[in-house]
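4 protein chains.
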Amino acid sequence: MPVRLVDSLASTEPLAEIFSDRSILQAMLDFEVALARAESRLGIIPQAAVEAIAAAANPDAFDLAVLSRSTLRAGTPSIPLAKTLIDLVRSKDAAAAGFVHYGATSQDVSDTALILLLKRAQPLIESDLLCAEEGLRKLSEQHQSTTMLGRTLLQAAPPITLGLKAASWLAALNRGRKRLTESFAEALVLQFGGAVGTLAAIGDKGPMVAQGLADELGLICPDAPWHTNRDRLATLVCACGVLAGSMGKIARDVSLLMQNEVGEASEPESSGRGGSSTMPHKRNPTGCAVTLAAATRVPGLVASYLSAMVQEHERAVGGWHSEWPTVTAAVQATGVAAASIAEIAEGLSVDSARMGENLTATGGTIYAEKAMILLTAKLGRDKAHQLLEEAARNAVTQHRQLVEVLGEMPEVTKHLNPAAIKQLAVAEDYLGSAEIFRLQQLQATLSPKNPAEKKD
Amino acid sequence: MPVRLVDSLASTEPLAEIFSDRSILQAMLDFEVALARAESRLGIIPQAAVEAIAAAANPDAFDLAVLSRSTLRAGTPSIPLAKTLIDLVRSKDAAAAGFVHYGATSQDVSDTALILLLKRAQPLIESDLLCAEEGLRKLSEQHQSTTMLGRTLLQAAPPITLGLKAASWLAALNRGRKRLTESFAEALVLQFGGAVGTLAAIGDKGPMVAQGLADELGLICPDAPWHTNRDRLATLVCACGVLAGSMGKIARDVSLLMQNEVGEASEPESSGRGGSSTMPHKRNPTGCAVTLAAATRVPGLVASYLSAMVQEHERAVGGWHSEWPTVTAAVQATGVAAASIAEIAEGLSVDSARMGENLTATGGTIYAEKAMILLTAKLGRDKAHQLLEEAARNAVTQHRQLVEVLGEMPEVTKHLNPAAIKQLAVAEDYLGSAEIFRLQQLQATLSPKNPAEKKD
Amino acid sequence: MPVRLVDSLASTEPLAEIFSDRSILQAMLDFEVALARAESRLGIIPQAAVEAIAAAANPDAFDLAVLSRSTLRAGTPSIPLAKTLIDLVRSKDAAAAGFVHYGATSQDVSDTALILLLKRAQPLIESDLLCAEEGLRKLSEQHQSTTMLGRTLLQAAPPITLGLKAASWLAALNRGRKRLTESFAEALVLQFGGAVGTLAAIGDKGPMVAQGLADELGLICPDAPWHTNRDRLATLVCACGVLAGSMGKIARDVSLLMQNEVGEASEPESSGRGGSSTMPHKRNPTGCAVTLAAATRVPGLVASYLSAMVQEHERAVGGWHSEWPTVTAAVQATGVAAASIAEIAEGLSVDSARMGENLTATGGTIYAEKAMILLTAKLGRDKAHQLLEEAARNAVTQHRQLVEVLGEMPEVTKHLNPAAIKQLAVAEDYLGSAEIFRLQQLQATLSPKNPAEKKD
Amino acid sequence: MPVRLVDSLASTEPLAEIFSDRSILQAMLDFEVALARAESRLGIIPQAAVEAIAAAANPDAFDLAVLSRSTLRAGTPSIPLAKTLIDLVRSKDAAAAGFVHYGATSQDVSDTALILLLKRAQPLIESDLLCAEEGLRKLSEQHQSTTMLGRTLLQAAPPITLGLKAASWLAALNRGRKRLTESFAEALVLQFGGAVGTLAAIGDKGPMVAQGLADELGLICPDAPWHTNRDRLATLVCACGVLAGSMGKIARDVSLLMQNEVGEASEPESSGRGGSSTMPHKRNPTGCAVTLAAATRVPGLVASYLSAMVQEHERAVGGWHSEWPTVTAAVQATGVAAASIAEIAEGLSVDSARMGENLTATGGTIYAEKAMILLTAKLGRDKAHQLLEEAARNAVTQHRQLVEVLGEMPEVTKHLNPAAIKQLAVAEDYLGSAEIFRLQQLQATLSPKNPAEKKD
C-alpha cells in the first residue's frame, strides 16, 4: 500500500499500511474475536458464539466506504463496525448475535485497535533508529581524528572532530530511542472498561476477562481502564516529538555541511534521489528535507495531542475524537524521519580534505582563544588581549594567517618561539577533550537506561 | 471517495476527494497542460507540442503507487510526475518531449496544484458556513425572547436570551467566514517562478507566460513568485484556526446545554447519529464532538504551518516539504466542523420550558445584583450589601427563593413594596440591552466587512 | 517577590522568585565562582584568583537594568555578566581578572544557571503534586462506596463510584509525577563545554574540571556537553505538558460537577476565593480555572520548545535563544496548576445526596444495558432489544422510571420477578469491577515506577 | 523599565513597560474612571462620585504585591482591584463607594485594560516594521543589479539579484504589516457587557454608556460585548505569528549569508553586538538569533491562544484565564523581532565581490539549464541532455568551468560559437524577469491593501 500523495513525504509505506483502512478494520475485528474467546473461556458466552463471531469477522465482508461514512455520524468507527458484525453473525447464527461485543463499549474497540497498530509500528521505527545509530557509531569511529571547524551561531569557531560531532548526534538519538521504547512499553496496554470503565455488564469477572483479552491480543493488562486518562499515549507522542527534534538537528547540520560553499559532506547517492538531470553531480539534501519536515510538523502535533488530554468524565466530547489523525501522523512522521536518518547515517559522504581547507580558510582567527591563553600566562590578560586584537585585525585586513602576523610581532616572539607560534594553528593540537567526550558518549549508548538516571 | 477511517471524523467526503491522489495528480497535470498552452500562445513552444502534452496528460496513464514512492526519493511529486509525462510524450512525439514542463520548476507544479485544490475546497466550506449562519440567524430570531440562564465560569448568573446567545455565535462565525474568504482571495494565486523565481529559462517573457498560465487555470497572477514567502497560505491556515476556535465555542456551549442535568437543547436527530440502541431517547452530541475535535487539533496544525514559514533562500530544506499534510488537514478539519455546525444550527432542538425551570431552580440568587442596585439607591451600598448577604445566605440554607426571604425582611419591605420585590425575580425584566446587542450583531453580519473595520 | 500581574494566574510566588532577575544573576555568579574553585583545586588558576572572584561575585554590585539591556545586544546574558565580573575583579586584583570565566563559554553559564534554577523548582512542584495525590487518595478511600452517574459525552451513563473517579485522577497524576521526577533527574546535569564543546582552553583537564564544577554545584556531570542537544530539557518540558493535561482533566471534571445544575462537588472555600459579595454561597471554580488555563497554555509551550530543538552545529542561531521564556513558563504553569489541584484535592466538598438525586433523575434509563443483559439471556438479543426500546421510550415520554414501565410489561414479568426488576435500578448493584479497579490504581501508585514498565 | 532577564531576548524595553504591573494597574484604573465619567454624564451615577473615584484611582495607593496575590485567589485582577478602589473611595466619600465599577464585571476591566495596552504597543511595532521596510526598499534599489547565487535546498542554483531577494523580503513584510494593522483595527474595541453581556445593571442605557466609555478611552465601541468571542484577538495573535514567520525567513537568509564560508553579508556593527574580544572582525548574527527565536516561539503561542478560544457560555473556565501571558508574549516577541529586522535591514553590510566569487566557484554548473535550452533547440532534448550530462560530469571531476568543457565538445561548437558559449556563464544574462518581479513587489507595497485583494 503506497503512501497517499499528500503524505508522501510524511510516512513510509510499511507505516502507511499499518494505519490503512483495511488494517484498522482488521485490528477492530481482532478485538471483537479475542473478546469473544476470552469471554467464552470464562463461561460468559457460549463457545458456539465464538465460532460464529470469528467466522463473521472477515474484513472482506465489510464495506469500508459505508463504515467510513457511518463513522462520521456515529462519532466512532466501532459503533457501525459492531452493528455490521452483529448483522453478519445473526445471518448465520441468530443466538450468537447477542454475544458480539459483549460487555464492551465502542471506545474499548477503537482504543485497543490503535494500540495494536502502534505495537506493529514500534519495531519498524526502532529498527530504523538502530540502523541510524549503528551508522553514526561507525561514522564516529572512522572519523575520530578528522578535524573540522566548530561552528557557533553559524560562525567559525575552534576545531572539533567529526567523530565528536557524530557521537553527539548518536548520543541524542540513542537517548531518544530509549525514551521511545519506554513510552511504547508504557502505552501498549489494553483498553477495556465497558460503558463507563467498570465493566458492569460482565458482573464480577471484569478483571479476568480483561486479562484474558490482553493475553489473546498480546498486550499488557493495565491496572484499570484508561478511557479518559491519556497520559500514556501522550508520553509516547511526546517521545516522538523529542526524537523528531533530535533527528531534525542532525538533518540541519548535514544540510548545512552540504552547502556548496561548505562542501564537507553529502547525502548518499541513490536512485531517484535529489539530483537534477542536467547537473548530474548535484545531490540534494532530500533525506534532510524529509527529516526537517518531520521536525517542523511534529511539535504542532504534540501540542494537538496534549490539548486533547482534557477529557470529560468517563468519555470526552471532542478531545478523544481528535486523537487518531494526530497520533498516527506523529508516529509516521517520526518513522519516515528515522528511515531518512538511517540512510544518511549509513551512507554519508565525507570530504575531509574540504574540512581541512575550511579550517585554513579562517586565517587562523579560530585559534585566537588558544593564543590568548598562552600570552595571558606570559603578559597578563589585558596586554595579551591588546596584542591579539591587533594581530587579528591585521590578519583579517591583510588576508593573512593569524600565526604569520603573530610571528612578526616582537612582543609575541619575545615569549613564544617560532615552533610554538606555528603550533598555534594546528587543529589537532586544540581539541581539548573531544576524544574523551566522544568515547563517553559512545559508552553511554551501551547502557540500558539514559545516563543521568544510572544511579536510580 | 470515502474519507479514510483514520480521518473519518476529520474530513467530509467531498473535501477528502479534493485532496485524494487522483485529484492531486489531475491538478498537477492541469498545470503542465496549461503551461504548454500559455507558452505556445506566446510562441515559446510549438503548438504541436501542446497537443502531444495534452494527450499524454491523462491521469490513467500514471501509476499512483510508483508516483508516491518516487516522491519520497525525489522530495517532491512534481519531479517524478514530469519525468513520467516526458516519457509518455516522447513515446508519441519525441520532439514534443523537450517542451514538457518548459521553464517551470517542480515547486511551481506542486504549489499551484495545491492552490487549485484549495480553490475547489473554498465553496464547499463557505457554503456550509453560510448554512450555519442562516440556521443561527433563524434560531436567534425565533428565540429573541426566550430567557435562559447566563452562565459564568459554569455558574448560574443573571439571565440572557437564547436569541442573544445565538446572535453572538452567529456574529463570530460570520466574522470568521469573512476572514476566511479574504484569506482565500489573497492566497489563491499562481506560483510560477522557475528554478529560482526569475523565470530565466523563458527569457523576458516570464510575466506574460505567468499571466497566460494564471488565466488558463482561473487563478490570479501575483506580483512575483512566492516560493519561499508563505505568508498568504499561512494567513489562510490561521483563518481556519480562528474559525475552528469560534465553532468549537458553539459546540462546547451546545454540548453543555445537552447535559441531562441541564437539558436545554439537543442536536438534531438524524439517522445513525449518536444514540444507543437500548436508550432510544438518547442523543449524543456527535456533531459537537466532531467540531470540538477540530477545535482541539487545528491550533497545533496552525503552529506547524507557522513554524514552516522560515524557508531558506529560494527553496527551503524541510519547511516547504512539511506543508501539504498540514494545510490539507487544517482545511478539512475546518470543513467537517463547518458541516457539523451547519447541521446543529439548522436543527437544534430547544427546550425553553427547561430553560425556565433552570432559571427558577437557582432560587433567585441570580437576581441579587438587581436587588443590590435597588437597595443601594435606598440604603447605601454597605447597608444594602449586608442585607443582601443575609438574605442570600438564608435563601440558600432554607432552600427558598431569594425574593421570598427579602419579602420578609422589614428593612427591605420598608423601601420596596411587594410588587417591586416580586418583580425582582422576573427574568424578562432583567435583560438590559440583550435585544439591542442581539440586533446589532445580526446587523453587523450584513455588512461586507468585519465591523471594526468599517471606517477604512 | 510577588508574581507579575500579567502572570498572576500563571505562576506561584516561590516559582516566580526562582526565575526572577536576582535569582538568575545569582545562579550565573554561582557558576563563575564554582568554576574558579574547581579550576584552582586542579592548579589551573591560582587560589588567589578564586578569592578575588568570589568577593566580586556579589549580585548587589551588578546593575540588572544594564545587564538586561546588554543581553539583547550580546544575545546572551552571560557575555555582559562575564564582562562586568572581569571589571569588578580587575579593580581589586588585576592579575585575577584573567582567570574569570576561564575556559568557559557564555552558553555554559546560561544553561547551567537554568539547570540550577530548575533544580530549585523541582521540590516545590513535586511537593504540591504529592499533596494533591494524598488528597485524592483520601477522597477515593472516603468515597469508595459513593455512587454517582458515569457520564459519557456529557450524557448520563451507568453508575460509577466517586472512589473510582478519584482513583483514576490520582493514578494519572501519580504517573505524571513519576515521569516528571525522572525527567528532572535526567535533565539536571551540568553544561560545560567551552567554545565548541571540547573544553580545549583547559587542555586535557576538561573532564576533571567538569566533575569538580558539577560537585561544587550539586549537579550530575554528564557524559559530554549538550550545548545543541536539548533532548533532556525537551523531555522535561514534555513531562510538564503531560502533567498539565492530566491536571486539566481533573479540573474539567470538577468544574463540571460544580455546575449549579449538577451540584455534586465544589472547590473548598478559602478567603478571597471565587465568590461574589452579593452571592455569598457562590463558589467559583477558581482553582479549576487556573489549572485549565495551564492545560490550555502548556501544549503550545511544548511545541515552542520542541521546535527549538533543531539547533545548528555547536551553537544555534535562534533555537537556543528562544528557550528561557518557554521553559520557565512551562514549569511555572505546571507549578501553579499543581498548587491549585492540591488545594482542590485536599478540600473538595462532595454532595453525595445530590449524586443520588442525579442518578434517580435519569429515570433509570442508565440501567437499560443491565436489563438488556438479563432479558437477552431469557429472550434472545432481538426480542430483548425490542422490549427495552419500547420500555425506554415509554419511560421517557411518560416521565416515569424505567423499572416501573418494565414491571408492567407481561413479557418482562414473565421472566423477571418484581424483586429482580426493582433490583435493576440499584446503582450499587451495577458497579462491576469499580472497586477492584479503584484498588488496583491505588496500589499502582505505590510502586516506584509506572506500572506498565514493571517488568523492565 | 528594563526587560526581565528571562525575557531579555523576547521583548524591547518600551513593550516591556507597556505590560508591566504599573502599566496594567493604570489601564484598569483608567477603565474605572472612564466608566464613572460616562455614567455620570448620563445621570446614572452622581458627578460627585466621579470626583471621588478619580481621586482614589491613583496607582500609588495600590500595593502591587497584594494585588498580584489576590489575583491568584480571585481568578482575575479586577476583583481585588475593584475591592481596593471601593475601600479607597469609601474612606473619603462613603456614598460614592456604591458607584465604583457600577454595572461592570471584572472581565470588562481586564479585557479593556488589555486592549488599551495593545493600542499603545501597536505604533511601536508598526514603526519598527516601517523602518525595516524602508531599509529593505533601499537595499533592493541599491542592489537591483547585484547578482548572487540563487540557492534551492541550500544548493547552488541559477543567479538572482540581491535586489530581487530584498524585494521579496520586503513584500512579505509589507503584507504582514498591513494584516497586523487590520487586525489591530479589528481588535482594539471596548469590552463592556456587565455580568453576562447584557449590561442589565444599567437598565436600558447600556449602549449609551458603552459608547461614552469607548469615547473616553479612545476605543471603538463594537456591536456587542465579546466576553467569550475571542476571534478578533485571535486574529491579531495570528497576524503576529505570520509576521514572525516572515521575519524569521529574512533572519534565516541573512544568517546563512553571514556564514564564513559564504560571507556575502553581515549584520551591522553596533556596540556590544555579537563579536568576540579576541576576534575583533567577528560579527555574530545576534539580530538574526533574536528574530529566529521569535519565529520559533510564536507559533506555539498562537496555538495556545487558538486553543483558548473554546470558551464556555458567558465566561470561560480557564480559556480566558490563560490569555494574558500568551497575548503579551506574542506581541512582545513580534516587537523585538521587528526591532531586530529594522536594524538589520537598515545596516546590512553586503559583500558583492564575494557574491561574484561564489557564483564563479560553482564552475558554471548553475548555467546548465541555460545551455540545455540552447542545445535542445538545436539538437532535441535527448541529445542535448546527454551532452550536458557528460559536460557537467567532466567539469566537476576536472574542476573546470562548464563553459570551458562545452567549448571543447565538437557537437556543441558545431551549433554554438565561442562567444555564445562564453555568454552562457554570464550571470547578468540569465536573470529572466528578476527586475520586473523586483519592481512589481516594490510597487505592491505602495498599495493600501494586500495585492491579491485589489479587486475588492
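Line by line, the protein sequences are chains A, B, C and D.
Going by the numbering used here, the first sequence opens with residue 206, and the numbers climb by one from there.
Going by the numbering used here, the second sequence opens with residue 206, and the numbers climb by one from there.
Going by the numbering used here, the third sequence opens with residue 206, and the numbers climb by one from there.
Going by the numbering used here, the fourth sequence opens with residue 206, and the numbers climb by one from there.
Ideal Cβ positions, reconstructed from N, Cα and C, are used throughout, including at glycine.
Q | 7 Å Cβ shell around glutamate 218 of chain B - same chain, five flanking residues per side excluded | A | Met206, Pro207 and Val208.
Q: With isoleucine 365 of chain C as the anchor, note down where its beta strand (DSSP E) starts and where it stops.
A: Residue range 360-366 is occupied by the beta strand (DSSP E) that includes isoleucine 365 of chain C.
Q) Quick one: what does DSSP say arginine 520 of chain D is sitting in, helix, strand or coil? A) If DSSP states are grouped into helix, strand and coil, arginine 520 of chain D belongs with the strands.
Q: Could you pull out every residue in the same chain whose Cβ sits closer than 8 Å to the Cβ of isoleucine 258 of chain A, ignoring the five residues on either side in sequence?
A: Excluding sequence neighbours, isoleucine 258 of chain A sits near Glu237, Val238, Ala241, Leu290, Val294, Ala301, Phe304 and Val305.
Q.
Quick check: the Cα distance between aspartate 634 of chain C and threonine 352 of chain C, rounded to an integer number of angstroms?
A. So the alpha carbons of these two residues sit roughly 10 Å apart.
Q) Along the chain, where does the alpha helix (DSSP H) that runs through arginine 488 of chain C open and close? A) Careful: arginine 488 of chain C lies outside any alpha helix (DSSP H) and carries neither H nor E.
Q. In chain order, which continuous runs of the beta strand (DSSP E) of length 3 or greater are located wholly inside the stretch 571-596 of chain D?
A. Taking only runs of at least 3 residues, no beta strand (DSSP E) segment lies wholly in the stretch 571-596 of chain D.
Q.
Ignoring anything shorter than 4 residues, give me the alpha helix (DSSP H) runs that lie fully in the stretch 292-349 of chain B, in order along the chain.
A. Within the stretch 292-349 of chain B, the complete alpha helix (DSSP H) runs of at least 4 residues fall at 299-302 and 311-347.
(Q) I'd like the span of the alpha helix (DSSP H) that includes glycine 411 of chain A, first residue to last. (A) Unbroken alpha helix (DSSP H) run through glycine 411 of chain A: 411-422.
Q.
I need the straight-line Cα distance from alanine 309 of chain A to alanine 287 of chain A, nearest angstrom please.
A. Approximately 10 Å, taken between the alpha carbons.
Q: Determine the closest residue to glutamine 464 of chain A out of A:Ser273, A:Val555, A:Gln416 and A:Leu636, with distance taken between C-alpha atoms.
A: Per the Cα distances, A:Val555.
Q) Taking Cβ positions only, does glycine 479 of chain D come closer than 8 Å to chain C? A) Bear in mind that a pLDDT of 49 at glycine 479 of chain D, under 50, signals an unreliable position, so the number given afterwards is only what the model happens to contain. With 8 Å as the cut-off, glycine 479 of chain D counts as an interface residue toward chain C.
Q | C-alpha gap between glycine 479 of chain C and arginine 488 of chain C, whole angstroms | A | With a pLDDT of 49 at glycine 479 of chain C, under the threshold of 50, the predicted position of this residue should be treated as unreliable, though the coordinate-derived value follows. Cα to Cα, the separation comes out at about 5 Å.
(Q) For proline 264 of chain B and leucine 385 of chain B, what's the separation of their Cα atoms in angstroms? (A) One C-alpha to the other measures close to 31 Å.
Q | Given alanine 405 of chain A as reference, the closest of C:His526, C:Leu247, C:Met577 and C:Thr650 once Cα atoms are compared | A | Nearest option by C-alpha distance: C:Met577.
Q: Would you check if there are 3 or more beta carbon pairs closer than 8 Å linking the stretch 587-604 of chain A to the stretch 623-633 of chain A?
A: Cβ pair count under 8 Å is below three, so no.
Q. Going along chain A, which residues have a C-beta under 7 Å from serine 512 of chain D?
A. Chain A residues near serine 512 of chain D: Ser512.
(Q) So, with DSSP's three-state summary, where would you put arginine 605 of chain C? (A) Annotated three-state conformation of arginine 605 of chain C is coil, per DSSP.
Q | chain D contacts from the stretch 383-399 of chain C (Cβ-Cβ distance under 9 Å) | A | Result list empty, no residue passes.
Q: Tell me whether the beta-carbon of glycine 540 of chain C lies closer than 8 Å to the beta-carbon of alanine 253 of chain C.
A: Not closer than 8 Å, so no.
Q: Give me the Cα-Cα distance between threonine 433 of chain C and glutamate 469 of chain A, rounded to the nearest whole angstrom.
A: Near 20 Å, if we compare the C-alpha coordinates of glutamate 469 of chain A and threonine 433 of chain C.
Q. Would a C-beta distance cut-off of 8 Å place valine 401 of chain B and alanine 439 of chain D closer than the cut-off?
A. Contact: no.
**Q.** Residue range of the beta strand (DSSP E) that includes threonine 357 of chain C
**A.** First-last of the beta strand (DSSP E) with threonine 357 of chain C: 352-357.
Q.
What does the alpha-carbon distance come out to for the pair valine 211 of chain C and isoleucine 320 of chain D?
A. Roughly 13 Å between the two C-alpha positions.
Q. For threonine 501 of chain A versus serine 471 of chain B, is the C-beta distance shorter than 8 Å?
A. Not a contact, by the Cβ cut-off of 8 Å.
Q) Smallest Cα separation from valine 515 of chain D: which of B:Val617, B:Thr496 and B:Leu247? A) For valine 515 of chain D, the closest alpha carbon among the candidates B:Val617, B:Thr496 and B:Leu247 is that of B:Thr496.
Q: Classify alanine 470 of chain A as helix, strand or coil using the three-state DSSP reduction.
A: Three-state result, alanine 470 of chain A: strand.
Q.
Rounded to the nearest angstrom, what separates leucine 341 of chain A and glycine 398 of chain C at their Cα positions?
A. Leucine 341 of chain A and glycine 398 of chain C: Cα-Cα distance of roughly 21 Å.
Q) Any idea which residues DSSP pairs isoleucine 549 of chain B with across the strands? A) DSSP lists no partner for isoleucine 549 of chain B.
Q. Would a check of beta-carbon distances place methionine 452 of chain B closer than 8 Å to chain C?
A. No, because no Cβ of chain C sits closer than 8 Å to the Cβ of methionine 452 of chain B.
Q | Neighbour list for glutamine 606 of chain B in chain D, Cβ cutoff strictly below 9 Å | A | Within chain D, no residue comes near glutamine 606 of chain B; the closest Cβ sits about 19 Å away, beyond 9 Å.
Q. So, are the CB atoms of alanine 337 of chain A and leucine 378 of chain A less than 8 Å apart?
A. Yes, the pair counts as a contact, with Cβ atoms nearer than the cut-off.
Q. What residues of chain C sit near valine 467 of chain B, judged by a beta carbon separation below 8 Å?
A. By Cβ distance, chain C contributes Gln464 and Glu466.
Q. For threonine 276 of chain B, which residues of its own chain have a beta-carbon under 7 Å away from its beta-carbon, when the five flanking residues on both sides are left out?
A. So the list reads Pro282 and Pro285, once near-sequence residues are dropped.
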